[in-house]
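A short write-up of the structure that comes next.
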Amino acid sequence: MKKKIDYFIFIILIIVSGFSFLYWYKEVSNRVGVLYSTLDSSYKLETNNYNLKTFTFNENSISEKEFKYMKSKGINFIAGPIYSENGYKIFPFLEKYDFLSFSPTISSDSLLKSTERIFTLTPSNEMQIDAILNFLKKRNISNVLIVIDPFNQTYSKEYLRILDQINGSYIYYYGLNSIIKTNFDYNKYDAILITTASDAAVGLLSFLEQNYNGIFILTDSALDVGLTKFKGNKSKVYLVSFTNNPFNETLDLIYETLNLISSHKFLSAQQAIRFFTNNKFIFNQKRTLNREIKIVKLSDF
């Protein structure tokens, strides 16, 4: 009689385990946290085309409370953040609550070296800086001004490495008022490298381009739909690009990120980390993607 009871309990446990797995596979495994920013087009994200149940949060105001909430929902993976500065703020929570982040756009080398919890679909700053240096040297640029984004310094200040090889200086861009009030001679620079988000970049371009004789170079942080607002001389503006459409780069990379997440089923963040670390067919050893980086004219689009 006892053997029959034990066998019955065993069968019940198998059935319960089966239903638990099906529930996880159909429901919990499709849950993903999505971080967006109001500073670019990521807040316009549409996730209906993916077999995912998304929990969205503004990365500029997210706190530990939201990470606790996501973990209580069985979430292990996060699409985002967009900005490296926010990545530095949240990676302790990724580690504390056992999340893995797939960022569409983070590229800060120092951030990626600080944690194994972030993989990114964007080439690292080191790779992009090398492409910019090659471009500047081929054009015999001897003096460059770098415009730093004070709100994304984790990303932006890494571009100061360029000044180790080419003469120049840098300024922080807090808005047009801070620029208008200064009596700064921009024409002593052959090129101005802008590392801000798209709206700030357009404002600065619109103010400077009519009286500036050199060229502008916009890093990937400025490549978003906001660039379409620029109505000036596009032939003197160059873009550091690695996607087909610089005006839609942010959203394109986010959708690519969601597609990557929806294409895999992992039981835990640790399992995913081991998989992507040991299999280099997607991410390289720096946990970034190797993409062809081009410096292209804005007027070509």
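With positions in the sequence shown counted from 1, the corresponding number in our numbering is that position plus 114. C-beta atoms are modelled at their ideal positions from N, C-alpha and C, and glycine is treated no differently.
message = Contact criterion: CB-CB distance below 7 Å. Does residue 240 meet it with respect to chain C?
response = Any reference to chain C falls outside this structure, which holds one protein chain only.
query = Exposed or buried, residue 146, counting other C-beta atoms within 10 Å across all chains shown (16 or more means buried)?
reply = buried
inquiry  = Taking the alpha helix (DSSP H) that residue 183 belongs to, which residues open and close that run?
reply    = 178 to 186
message = For residue 306, list the residues DSSP reports as bridge partners.
response = 259, 330
ask   = residue 396: which of 374, 308, 173, 345 sits nearest, CA to CA?
value = 374
task = Note down the Cα distance separating residue 321 from residue 290, rounded to an integer number of angstroms.
result = 8 Å
task = Return the bridge partner residues of residue 286 from the DSSP annotation.
result = 262
query = Exposed or buried, which one is residue 173 when buried takes at least 16 other CB atoms within 10 Å?
reply = buried
key: Cβ neighbours of residue 213 in the same chain (closer than 8 Å, five flanking residues each side left out)   = 147, 181, 184, 185, 189, 190, 191, 192, 207, 231, 383
ask   = Taking the C-alpha atoms as reference points, what is the distance between residue 304 and residue 331?
value = 11 Å
key: Reduced DSSP secondary structure (H/G/I, E/B, other) of residue 253   = coil
query = Assuming residue 307 and residue 353 make a contact with CB atoms under 8 Å, what is their CB distance in whole Å?
reply = That pair is no contact at about 12 Å.
inquiry  = Could you tell me which whole beta strand (DSSP E) segments of length 3 or greater appear in the stretch 189 to 262?
reply    = 191 to 193, 214 to 217, 232 to 234, 257 to 262
inquiry  = So, for residue 241: in the same chain, excluding its five sequence neighbours on each side, which residues have a beta-carbon less than 7 Å away from its beta-carbon?
reply    = 407
ask   = Exposed or buried, which one is residue 388 when buried takes at least 16 other CB atoms within 10 Å?
value = exposed
ask   = How is residue 171 classed by DSSP in three states: helix, strand or coil?
value = strand
task = For residue 339, collect the residues of the same chain with a Cβ closer than 6 Å to its Cβ; drop the 5 residues on either side in sequence, then sort them by chain order.
result = 155, 361
ask   = Among the residues of its own chain, which have a CB less than 8 Å from the CB of residue 69, if the five just before and after it don't count?
value = No information on residue 69 is available, as it lies outside the stretch 115 to 415 that the chain covers here.
message = For residue 138 and residue 263, what's the separation of their Cα atoms in angstroms?
response = Unreliable placement is indicated for residue 138, whose pLDDT of 45 sits below 50; the coordinate value is still reported in the next sentence. When rounded, the distance between both Cα atoms is 42 Å.
request  = Would you decide whether residue 253 is buried or exposed? Buried here means 16 or more other CB atoms lie within 10 Å of its CB.
outcome  = exposed
task = Using alpha carbons as the reference points, say which of 371, 356, 365, 315 lies closest to residue 346.
result = 315
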